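Numbering (my numbering), first residue to last: 313 to 374.
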């Protein structure tokens, strides 16, 4: 990436105050799927299907 691209990227991502910076949890998909290729996530009273494709991509559908 050239320096102009780096400058434009910095403009798009404003610095947050330290009080709002939080660590985001990282969860391995293996620990969610447990050998299966599909799981149901319930959010706000709605069910969503998260599936791993044959190409190892994730798809979330309602």
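We put the CB at the ideal spot given by N, CA and C, even for glycine.
These figures come from a predicted structure and were not determined experimentally.
Here DSSP, grouped into helix, strand and coil, assigns residue 335 to coil. Close CB contacts of residue 344 within its chain, under the 8 Å cut and outside five residues either way in sequence, are with 351, 362 (chain order). For residue 342, the three-state secondary structure derived from DSSP is helix.
Secondary-structure assignment with DSSP links residue 373 through a beta bridge to 361.
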